[in-house]
Amino acid sequence: MLESSEGLPLTVYFVIPSCVPATGFDESGAVLSADDIEEFYSEGRVLGLGEVMNYVGVVAGDDELEKKIKSALSRGLVVNGHAPLLSGKPLDKYISAGIGDDHE
Numbered sequence: 725m726l727e728s729s730e731g732l733p734l735t736v737y738f739v740i741p742s743c744v745p746a747t748g749f750d751e752s753g754a755v756l757s758a759d760d761i762e763e764f765y766s767e768g769r770v771l772g773l774g775e776v777m778n779y780v781g782v783v784a785g786d787d788e789l790e791k792k793i794k795s796a797l798s799r800g801l802v803v804n805g806h807a808p809l810l811s812g813k814p815l816d817k818y819i820s821a822g823i824g825d826d827h828e
């Protein structure tokens with residue numbers, strides 16, 4: 725998508741998906757590890773890490789997910805959230821991980 729959006733009469737910005745596949749039960753055809761995602765951060769049109777929907781993993785301290793979040797934050801990039809109905813102490817942990825918003 726980055727390549728396809730080059731040369732357009734507008735600038736297209738991206739956030740890299742945080743959860744590919746969405747769950748361990750999905751078959752997406754690809755897996756994006758923390759190391760894979762880091763390669764995209766040098767692209768000037770990538771603004772951060774998108775839609776961290778594995779809120780269970782964030783709250784439980786999943787190492788790979790934590791690495792993805794910390795990598796974005798260490799570069800001053802945004803981390804977008806997706807945590808429907810999360811509240812109380814789990815929400816506190818989610819927010820303290822550095823996730824800055826939630827579109828829910």
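Per the working numbering, residue 725 is the first one in the sequence shown, and the count goes up by one each step.
Positions of the beta carbon are idealized from the N, C-alpha and C atoms, including for glycine.
Note that this is a predicted model, so its numbers are computed, not measured.
Measure the beta-carbon distance from Gly774 to Leu797 and round it to whole angstroms, keeping in mind my assumption that it falls under 8 Å. Actually they do not touch by this definition, with Cβ atoms about 14 Å apart.
Three-state class that DSSP yields for Pro741 in the structure shown: strand
Segments assigned beta strand (DSSP E), at least 3 residues, entirely inside the stretch 734 to 815: 738 to 741, 770 to 776, 802 to 805
Starting from the C-beta of Cys743, find all residues in its chain whose C-beta is less than 6 Å away, skip the five residues before and the five after it, and write them out in chain order. Met777, Asn778
Does the separation of the CB atoms of Val803 and Gly785 fall below 9 Å? Not in contact: Val803 and Gly785 (Cβ atoms no closer than 9 Å).
Verify whether the separation of the beta carbon atoms of Val770 and Leu801 is less than 9 Å. yes
Out of curiosity, what's the CA-to-CA distance linking Lys791 and Ala758? Going by the C-alpha atoms only, they are around 6 Å apart.
Excluding five sequence neighbours on each side, which residues of the same chain lie with their C-beta closer than 6 Å to the C-beta of Ser729? Val736
Which term fits Val782, buried or exposed, when burial requires 16 or more other beta carbons within 10 angstroms of its beta carbon? buried
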